[in-house]
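Comments concern the structure below.
In our numbering, the protein residues as written are 118 to 249.
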């Protein structure tokens, strides 16, 4: 399980070299690894710990805003935990949860950017990042 999360973080770092930082196609392998590793955990609450650590590592390696992705990954991890309490883990549900997680990540990232930045950004950027 740690191997899957480490591999996804490594893939995030490799892909981010080839993609512009301002691009909408930001790699989300780390978030998807949380969904993939969820059934492998005996203690399901550890997903929150792994998500928070991934968010902190993402902040340290990729962004200059410390604790922004840490908080977002923490919230996303809680969302994964909450959703899978009501859904069985299968391929279809994993795909639906992945879609929900990507949209939630984009919305939370947009909100953090709007709230903590002095640059005015329109909602079209949020919608563009969700559907692209």
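Glycine residues also receive a C-beta, built at the ideal position from the N, C-alpha and C atoms. What you are looking at is a predicted structure, and each value in this text was computed from that prediction instead of being measured.
Taking C-beta atoms under 8 angstroms as the contact rule, residue 147 and residue 175 qualify, at a distance of about 6 angstroms. If you keep only unbroken alpha helix (DSSP H) runs of at least 4 residues inside the segment 162 to 193, you get 163 to 179. Taking C-alpha positions only, residue 125 is separated from residue 190 by approximately 14 angstroms. In this structure, residue 165 lies away from residue 130, with their beta-carbon atoms at least 8 angstroms apart. Counting C-beta pairs closer than 8 angstroms gives fewer than three between the segment 181 to 190 and the segment 199 to 209, which falls short of the contact rule. Residue state for residue 160 is assigned as coil, using DSSP reduced to three classes. Comparing C-alpha distances from residue 192 to each of 172, 122, 127, 234 shows the shortest one belongs to 172.
DSSP, reduced to helix, strand and coil, places residue 128 within a helical segment of the structure shown.
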